[in-house]
């Protein structure tokens, strides 16, 4: 949606018209960032409502405090969406065409996967330490192994003799890394738009 929104600004020439009408480039990027925050907020509220409904429907407990435990995951989900949408905004401004911007995102994901493979090959002990600073990997680290937390998955794992103990906590430094990437993407979007002749 964000990439399409940005490419439509270029193809429909509304970006140029907004700038002619007096909107500064900084205000334009900020308006798109506000749209990013709004979409991430709507998605987070939707996930919260669905989680509440499912929590009350399938939980053995009906107390609000028990049903709403581990709500830090909603904060992590919101930060993850803001970071990912900001990345999409940056690619939308960089590439100008939605299909190519989505393609660039896929190429970036493959490049991160290739880098992770090379690091496993050369520096196996330091892979997680280095990879946590890559943009898509840092966003993915905010909510680790969500499927393995399900009781059904844990039960099957115990029956086959597997140990699925992971650190599921949301850490402040992981949120800080994603917020750092978000700031970088928004700043680069602004610099790119400021430099570019429309």
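In this note's numbering, the protein residues as written are 121 to 318. C-beta: ideal position from N, C-alpha, C; glycine also.
(request) Would you kindly work out how many angstroms separate the C-alpha atoms of residue 308 and residue 164, rounded to a whole number? (result) Residue 308 and residue 164: Cα-Cα distance of roughly 26 angstroms.
(request) Alpha carbon to alpha carbon, how far is residue 155 from residue 254? Give it in angstroms, no decimals. (result) 24 angstroms
(message) Residues in the same chain with beta-carbon distance under 6 angstroms from residue 294, minus the five sequence neighbours each way, listed in chain order, please.
(response) 261 and 262
(request) On a CA-only basis, which of 168, 148 and 215 is nearest residue 194? Give me that one, please. (result) Nearest Cα to residue 194 within the set 168, 148 and 215: 168.
(message) Measuring only the C-alpha atoms, how far is residue 237 from residue 228?
(response) 14 angstroms
(request) Mind reading off the beta-carbon distance from residue 302 to residue 206? Whole number of angstroms is fine, and I expect it under 8 angstroms. (result) 5 angstroms
(request) Helix, strand or coil for residue 278, going by three-state DSSP, please let me know. (result) helix
(request) Indicate whether residue 225 and residue 239 have their beta-carbon atoms separated by less than 8 angstroms. (result) Their beta carbons are not under 8 angstroms apart, which means residue 225 does not touch residue 239 by this criterion.
(message) Let me confirm a value: residue 244 is counted as buried when at least 16 other C-beta atoms fall within 10 Å, else exposed. Which label applies?
(response) exposed
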